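**Student:** For reference, the structure I am asking about is given below.
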Amino acid sequence: MKVAVLSPVWFPVPPSGYGGIEWIVALLADGLADAGHDVTLFASGDSRTRARLAAVFEEAPSKRIGQTFWELQHALNCFSRHGDFDVIHDHTGLMGLALGSLLPT
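By our numbering, the letter at position 39 of the sequence shown is numbered 46, and the numbering carries on one by one without gaps.
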């Protein structure tokens, strides 16, 4: 199965400190990849994963947390490629919910 895992962009996956969602995303992406699925993790470029990494930003923009531009660019990177995946596993919250509602199901 081709799976996109969309993480919040604010902290790397897995996080170096704070980041409960990022830990869950790390375990999910690596676990699915280890199980033989074709997994693409959409996260910041300083993330580490056994899945394929797709990043818009080289480093997590942690100092810009809450600024919509950064989150939108990151989420669009994933949702603009929706046809490449069987499922998008979104962990971003409202941005993903808004963009995902525009996709065909």
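By construction, the Cβ of each residue, glycine as well, lies at the ideal position given by its N, Cα and C atoms.
Since this is a predicted model, take the numbers as computed values, not measurements.
Could you check the C-alpha separation between residue 80 and residue 104 for me, to the nearest Å?
**Tutor:** As a first step, residue 80 must be located in the sequence shown, where it is residue number 73. As a first step, residue 104 must be located in the sequence shown, where it is residue number 97. Taking the straight line joining both Cα atoms gives about 15 Å.
**Student:** What is the C-beta distance between residue 16 and residue 64, in whole angstroms, given that I count them as a contact (C-beta under 8 Å)?
**Tutor:** Taking the sequence shown and counting its residues from 1, one reaches residue 16 at position 9. Taking the sequence shown and counting its residues from 1, one reaches residue 64 at position 57. That belief holds up - the Cβ atoms of residue 16 and residue 64 are roughly 7 Å apart, short of 8 Å.
**Student:** Report the residue from 28, 20 and 36 whose alpha carbon sits nearest the alpha carbon of residue 11.
**Tutor:** Taking the sequence shown and counting its residues from 1, the one referred to as residue 11 is at position 4. With distances taken between Cα atoms, residue 11 lies closest to 36.
**Student:** With a threshold of 7 Å on Cβ separation, who are the neighbours of residue 40 within its own chain once the five nearest residues in sequence on each side are excluded?
**Tutor:** The count along the sequence shown starts at 1 and reaches residue 40 at position 33. Only 46, 57 and 58 meet the Cβ criterion.
**Student:** Kindly indicate which three-state DSSP category residue 32 falls into: helix, strand or coil?
**Tutor:** Here residue 32 refers to the residue found at position 25 when the sequence shown is read from its first residue. In this structure, residue 32 counts as helix in the three-state DSSP scheme.
**Student:** Using a Cβ distance threshold of 8 Å, determine whether the region 68 to 75 contacts the region 88 to 100, with at least three qualifying pairs required.
**Tutor:** No contact exists between the region 68 to 75 and the region 88 to 100.
**Student:** Please state whether DSSP places residue 44 in a helix, a strand or coil.
**Tutor:** The sequence position of residue 44 within the sequence shown is 37, counting from 1. Three-state result, residue 44: coil.
**Student:** Within the present structure, is the beta-carbon of residue 55 separated from the nearest heavy atom of the ligand ATP by less than 6 Å?
**Tutor:** Of the ligands one can find in the structure shown there are none, so the ligand ATP has no counterpart to examine.
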